[in-house]
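Report on the structure given below.
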Amino acid sequence: MQLSMQRFALFEGGFRPFFLLAGLDALTNMAVWLTVYFYPETWPAGAISAIYWHAHEMLFGFAAAAIGGFLLTAVPNWTGKPPYRGPLLGLLTALWLAGRIAVLPFLNFTPVVATAVDLAFFPVLALVLAPALVRAGKFGNLPLVGLLLLLFAANFCFHLGLGGSPELGQHVGLYAAIDIIVLMIVVIGGRIIPSFTRNALLKRGVQAPVQSRTAIERGAIVSILLMIVVDMALPLSRMSGAVSLLAAVLQAIRLSQWQGHRTWREPLLWVLHLGYGWLVLALFLKAGYLLFDMAIAAKWVHALTVGAFTTMILAVMTRASLGHTGQPLIAPKPMPTVYVLVSLAAVIRVFGPAIWPQQYDVIVGLSGGLWIAAFAIYLWIYGPILTRPRRDGKPG
Numbered sequence: 000m001q002l003s004m005q006r007f008a009l010f011e012g013g014f015r016p017f018f019l020l021a022g023l024d025a026l027t028n029m030a031v032w033l034t035v036y037f038y039p040e041t042w043p044a045g046a047i048s049a050i051y052w053h054a055h056e057m058l059f060g061f062a063a064a065a066i067g068g069f070l071l072t073a074v075p076n077w078t079g080k081p082p083y084r085g086p087l088l089g090l091l092t093a094l095w096l097a098g099r100i101a102v103l104p105f106l107n108f109t110p111v112v113a114t115a116v117d118l119a120f121f122p123v124l125a126l127v128l129a130p131a132l133v134r135a136g137k138f139g140n141l142p143l144v145g146l147l148l149l150l151f152a153a154n155f156c157f158h159l160g161l162g163g164s165p166e167l168g169q170h171v172g173l174y175a176a177i178d179i180i181v182l183m184i185v186v187i188g189g190r191i192i193p194s195f196t197r198n199a200l201l202k203r204g205v206q207a208p209v210q211s212r213t214a215i216e217r218g219a220i221v222s223i224l225l226m227i228v229v230d231m232a233l234p235l236s237r238m239s240g241a242v243s244l245l246a247a248v249l250q251a252i253r254l255s256q257w258q259g260h261r262t263w264r265e266p267l268l269w270v271l272h273l274g275y276g277w278l279v280l281a282l283f284l285k286a287g288y289l290l291f292d293m294a295i296a297a298k299w300v301h302a303l304t305v306g307a308f309t310t311m312i313l314a315v316m317t318r319a320s321l322g323h324t325g326q327p328l329i330a331p332k333p334m335p336t337v338y339v340l341v342s343l344a345a346v347i348r349v350f351g352p353a354i355w356p357q358q359y360d361v362i363v364g365l366s367g368g369l370w371i372a373a374f375a376i377y378l379w380i381y382g383p384i385l386t387r388p389r390r391d392g393k394p395g
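The following block contains the structure:
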């Protein structure tokens, strides 16, 4: 039955269009990439390298949509203001979509037009969010908006690199974006994971010491900031490996304080711990590869992107979508399967090439297929939740 306009709530809250588009982008991006991987002749001659397009769109398409949806939902909560909705939200959504269309090589936009359109989303999003934080005196949250401008700079560097100046700018831009998203996970994860876990355990009557020690908290964030600096100055160096090892140890200590082993009954909680666990593992793998050239750690980037980023994005999207639509904070029955499918995709993509190198194509196809299955289930469950009004009749 077709929904009436009164029942269509896609633009009633910032999380709605962007969490939906994140899922759609994840699925279609991977489908296109697998098609091109196995049938290279389908990619337009003379276009941007397919691997660069794939990497760019996973970061500046999929991850950017999730980041936008999170911040557009969090800022009204932090400031006590009504949710972003209506024409303004539609404009932001259109900007994100325009960027995805502009960089499609099949449409032959000129590099200048594609770059300008693709770069617009982050600065406009920052301009929308920053004034509300300033007016409400929430200056402690402004650095998160500042990270949007760093992502803009990373994207700009990527596009400059495609034009040949700076040399290898594509790599610099992509690695910078990865590090910035790592920092976002460390900052936001450090706020929400122990808080959600503590509250849930107390609700069950469990007096567990969920801790956030100041020294560890500061060290965890500073180590990632240091890693970003070293990665930009000395990319893929032994120094980068050493700093990544320090960051990994501090994140592991941090995670161990959050009582993740007590959350196994609640998928919306354990998936947050799982996502942060992938971050810890990815940093150890990065260190192992850069310091000791460990073959098993060569795909550490996929441990970050497929493992940590995707798991954390799904964890936040699935929880926030329920909470902000008046649903009980109980994961729909198929969602634990989605979380497991993504981790299986990551395990296969990260460790498969070293264990089974002669079957690399099988590994790519299997990992990509699991990813597509995970997001197809996510869209099937959350598509209706994100497009229909809140169950309790409240705005948002």
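For what it's worth, the numbering used here labels the leading residue of the sequence shown as 0, then goes sequentially.
Glycine included, each C-beta is placed from N, C-alpha and C at the ideal position.
Item: Pair within 8 angstroms by beta-carbon distance, Leu249 and Ser222; Value: yes
Item: Whole-angstrom C-beta distance between Leu369 and Tyr338, which should lie under 8 angstroms; Value: Not quite, the Cβ-Cβ distance comes to about 12 angstroms (not below 8 angstroms), so this is no contact.
Item: Residue span of the alpha helix (DSSP H) that contains Val127, given as start and end; Value: Phe120 to Arg134
Item: Continuous alpha helix (DSSP H) stretch holding Phe155: start and end; Value: Leu141 to Leu161
Item: Leu245 - containing alpha helix (DSSP H), residue span; Value: Arg237 to Ser255
Item: Beta-carbon proximity of Thr309 to Arg390, cut-off 8 angstroms; Value: no
Item: Reference Phe350; option with closest CA among Leu284, Ala46 and His260; Value: Leu284
Item: Thr336 classed as buried or exposed, judged by whether at least 16 other C-beta atoms fall within 10 angstroms; Value: exposed
Item: Which of helix, strand or coil DSSP assigns to Arg348; Value: helix
Item: Val228, DSSP secondary structure in three states; Value: helix
Item: Boundaries (first-last residue) of the alpha helix (DSSP H) holding Asp391; Value: It is not in any alpha helix (DSSP H) - Asp391 carries neither H nor E in the DSSP assignment.
Item: Lys298 (DSSP reduced to helix, strand or coil); Value: coil
Item: Same chain, Cβ closer than 6 angstroms to Ala97, neighbours up to 5 away in sequence not counted; Value: Val116
Item: Contacting residues, own chain, Cβ-Cβ under 8 angstroms from Leu290 (five flanking each side not counted); Value: Arg237, Gly240, Ala241 and Leu244
Item: Span of the alpha helix (DSSP H), counted from its first residue to its last, around Met311; Value: Thr309 to Gly322
Item: In chain order, each alpha helix (DSSP H) run of at least 4 residues that lies wholly inside the region 153 to 226; Value: 168 to 202
Item: Between the CA atoms of Tyr377 and Met0 - distance to the nearest angstrom; Value: Interpretation of Met0 is limited by its pLDDT of 36, a score under 50 that renders its predicted location unreliable; the figure taken from the coordinates is listed afterwards. Their backbone Cα atoms lie some 21 angstroms apart in a straight line.
Item: 8 angstroms Cβ cutoff met for Val102 and His53; Value: no
Item: Met29 (DSSP reduced to helix, strand or coil); Value: helix
Item: Backbone secondary structure at Val102 - three-state DSSP; Value: coil
Item: C-alpha distance - Ile47 paired with Thr41, whole-angstrom precision; Value: 13 angstroms
Item: Test item: CB-CB of Ile192 and Leu271 under 8 angstroms; Value: yes
Item: contact_flag[the region 292 to 310, the region 259 to 269] where n(CB pairs < 8 angstroms) is 3 or more; Value: no
Item: Inter-residue Cα distance where the pair is Asn28 and Trp257; Value: 34 angstroms
Item: Straight-line gap, Phe121 to Ala63 (C-alpha atoms, nearest Å); Value: 8 angstroms
Item: N-terminal and C-terminal residue of the alpha helix (DSSP H) that Glu56 is part of; Value: Ala49 to Glu56
Item: Cα-Cα separation, Ala214 to Ser255; Value: 14 angstroms
Item: Stretch pair the region 174 to 184 + the region 143 to 155: three plus CB contacts closer than 8 angstroms; Value: yes
Item: For Ile347 and Ala353, the rounded distance between their alpha carbons; Value: 10 angstroms
Item: 8 angstroms CB neighbourhood of Thr386 in its chain, flanking five on each side removed; Value: Leu2, Phe7, Ala8, Leu9, Arg15 and Leu19
Item: His260 burial status per 10 Å Cβ neighbour count (16 or more: buried); Value: exposed
Item: Segment contact flag, the region 326 to 336 with the region 65 to 80, C-beta cutoff 8 angstroms, min 3 pairs; Value: no
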